[in-house]
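Colleague:
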Amino acid sequence: MLSLKDLYQGFRDPKSILAWSEKIKAQAKGLDKKIRVMEVCGGHTHSIMKYGINQLVSEVFEFIHGPGCPVCVMSKSRINHAIALAKQKDVILATLGDMIRVPSSSGSLAQERANGADVRFVYSPLDLVKIAKENPNKKIVYFAIGFETTTPMTSALLERVIEEGIKNIYFHINHVLVPPPMRAVLNIPEVQIDAFIAPSHVSVITGSKIYEEFPRDFSRPTVVAGFEPVDVLEGLSMILSQVQKGEAKLENQYTRSVTPEGNVLAQEKMKRFFESRESFEWRGIGEIPHSALKLKDEFKEYDAEVIHADILPKEKVPEPKGCICPKIICGSAKPTECKLFGKACTPTSPIGSCMVSGEGVCNAYFRYGNLL
């Protein structure tokens, strides 16, 4: 019986990768132009770059990198909220991933920590329960980020806080949704997209059904694909078949983890605590209606945005001079078009959010560009 490690090695097997790429090239005979595919998620971008998929099928596909990195799309205005909260003497601010390193107009959370603020990286939101119990005289603020993938974890934390009567945990909610920015980029004239590779981990939670509108209303073939290179290549083959047949439909390559309905229990937990925001500011795209979540009014006693409204900055913040992350995020530019890329802006000294995040497009180009 194959171990999990052996199974995933199979999805990365060089012979299999080359076989799929050759199949796609043979399948594409007679195709009169490249298919412009947006891989929405940064995880797909890294897989495409790391395994050289962009070069292996360059005769058939042009890859357009999408707004599917939760750290990258966080506006500087929202990061300024986190910094303002972290500066409060009685606050411990906790968040996930690379959020601590993303620069804003007033520095970063990492710089605030270096200046003495209590800013912590956590692997799971439930880690905050232990932090809160060890620091009963502190306000523990969770700066919650991520797409639908991580929202159920925030729901689980709030549920635990309520059940245990914990009074010193608060939430600054920055959970965003995948379909609204996909719709938004279709309205950017310079971004020409023929098809979508839809995120897989998000789809485990939401189900593949959330993408039905893209083939139905916008005539864009859409395939939910896993992150492994063989997954991506099979997904591309499925898109190619649709294009050749003149079809536009939703297909699911990642059937081993994704169903049409998704994780119904997780969805119910999200609906219990969250509702849609009227609008949310996305880096590079601007305000997108109903593209993010907020706590329902009945849970406002836990809402850091309500409780600390008087100290949170209201103004919108421009990008650093020379940084083209806003264009990169929405697919209208490549990292190599940025004059700062690889020079002033590197993973160790990032200027833009796309270089900070482990899912960022610039990070992928910097890491793997020289390998190709």
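For the sequence shown, the working numbering assigns the number 463 to the initial residue and increments by one for each residue that follows. Every residue, glycine too, gets a C-beta built ideally from N, C-alpha and C.
What did DSSP end up calling Y716 once you bin it into helix, strand or coil?
Modeller: coil
Colleague: So, under 8 Å CB-CB, I813 and L802 are touching, yes? Tell me the CB distance rounded to an integer number of Å.
Modeller: 6 Å
Colleague: Kindly indicate which three-state DSSP category F609 falls into: helix, strand or coil?
Modeller: Three-state result, F609: coil.
Colleague: Please report the distance separating the alpha-carbon of Y604 from that of G504.
Modeller: 24 Å
Colleague: Please report the distance separating the alpha-carbon of P788 from that of G569.
Modeller: 18 Å
Colleague: Give the straight-line distance between the Cα atoms of I497 and Q517, rounded to the nearest whole angstrom.
Modeller: Near 14 Å, if we compare the C-alpha coordinates of Q517 and I497.
Colleague: Out of V581, I541 and P677, state which residue places its alpha-carbon closest to the alpha-carbon of P780.
Modeller: It is I541 whose Cα lies nearest to the Cα of P780.
Colleague: State the start and end residues of the unbroken alpha helix (DSSP H) segment that holds E484.
Modeller: P476 to Q489
Colleague: Out of A594, P587, G627 and L712, point me to the one whose CA is closest to G418's CA.
Modeller: Here the chain covers residues 463 to 834 and nothing more, so residue 418 does not appear.
Colleague: Nearest to I554 by alpha carbon, out of S537, F523, T612 and P598?
Modeller: The shortest C-alpha separation from I554 is found at P598.
Colleague: To test your reading of the DSSP string, which unbroken alpha helix (DSSP H) runs of 4 or more residues are found completely within the segment 675-727?
Modeller: Fully enclosed alpha helix (DSSP H) runs of no fewer than 4 residues occupy 675-680 and 691-707 of the segment 675-727, in order along the chain.
Colleague: Under DSSP, the beta strand (DSSP E) around T668 begins and ends at which residues?
Modeller: Taken as a continuous stretch (DSSP letters only), T668 belongs to no beta strand (DSSP E), being part of the alpha helix (DSSP H) at H663 to T668.
Colleague: So what's L774 in DSSP terms, helix, strand or just coil?
Modeller: Coil at L774, not helix or strand.
Colleague: Answer yes if the segment 486-494 comes into contact with the segment 689-702, meaning at least three C-beta pairs across the two stretches below 8 Å, and no otherwise.
Modeller: yes
Colleague: Enumerate in chain order the residues of its own chain whose CB-to-CB distance from T616 is below 6 Å, with the five nearest sequence positions on each side excluded.
Modeller: P587 and A606
Colleague: Could you give the DSSP three-state label for H752: helix, strand or coil?
Modeller: coil
Colleague: What are the uninterrupted segments assigned as alpha helix (DSSP H) that are 4 or more residues long and contained completely in the segment 496-530, given in chain order?
Modeller: 504-512 and 515-518
Colleague: State the DSSP-derived secondary structure class of D580, mapped to helix, strand or coil.
Modeller: strand
Colleague: I need the DSSP call for V535, collapsed to helix, strand or coil.
Modeller: coil
Colleague: What separation, rounded to the nearest whole angstrom, lies between the Cα atoms of K731 and M644?
Modeller: 25 Å
Colleague: Indicate the three-state DSSP secondary structure (helix, strand or coil) for L802 in the structure shown.
Modeller: coil
Colleague: Does the segment 511-531 come into contact with the segment 712-720, if we say contact requires no fewer than three beta-carbon pairs (one atom in each stretch) closer than 8 Å?
Modeller: no
Colleague: Grab me the residues of A728's own chain with a C-beta within less than 6 Å of its C-beta, minus the 5 sequence neighbours each way, in chain order.
Modeller: P614 and I667
Colleague: Assuming the contact rule is C-beta atoms closer than 8 Å, S537 and R745 should be a hit. Round their C-beta distance to whole Å, please.
Modeller: 5 Å
Colleague: Can you grab the Cα-Cα spacing for the pair I864 / V640, in whole Å?
Modeller: With the chain represented from 463 up to 834, any question about residue 864 goes unanswered, as that position is not in the structure.
Colleague: Measure from the alpha carbon of A771 to the alpha carbon of each residue in L547, A481 and V535, then state which is nearest.
Modeller: Considering only L547, A481 and V535, the residue with the shortest C-alpha distance to A771 is L547.
Colleague: Consult DSSP for I786 and reduce its assignment to one of helix, strand or coil.
Modeller: coil
Colleague: Measure the CB-CB distance between H543 and A687 and report whether it falls below 9 Å.
Modeller: no
Colleague: Using the Cα positions of K601 and F523, report the straight-line distance between them to the nearest angstrom.
Modeller: 50 Å
Colleague: Given that a residue counts as buried once 16 or more other Cβ atoms are within 10 Å of its Cβ, and exposed if not, what is T612?
Modeller: Burial is judged here by how many other beta carbons sit within 10 angstroms of a residue's own beta carbon; T612 has at least 16 and is buried.
Colleague: Which residue or residues does DSSP assign as beta-bridge partners of L632?
Modeller: Here the sequence assigns Tyr to residue 632, which means Leu is not the residue at that position. In DSSP, Y632 forms a bridge with V603.
Colleague: Rounded to whole angstroms, what is the Cα-Cα separation between V726 and F658?
Modeller: 24 Å
Colleague: Strictly by DSSP, which residues pair up with L558?
Modeller: DSSP lists no partner for L558.
Colleague: Taking 9 Å as the cut-off, decide whether the C-beta atoms of V768 and H527 are in contact.
Modeller: no
Colleague: Between I747, E521, S478 and S815, which lies nearest to S567 when the distance is taken from Cα to Cα?
Modeller: S815
Colleague: For S566, which of helix, strand or coil comes out of DSSP?
Modeller: strand
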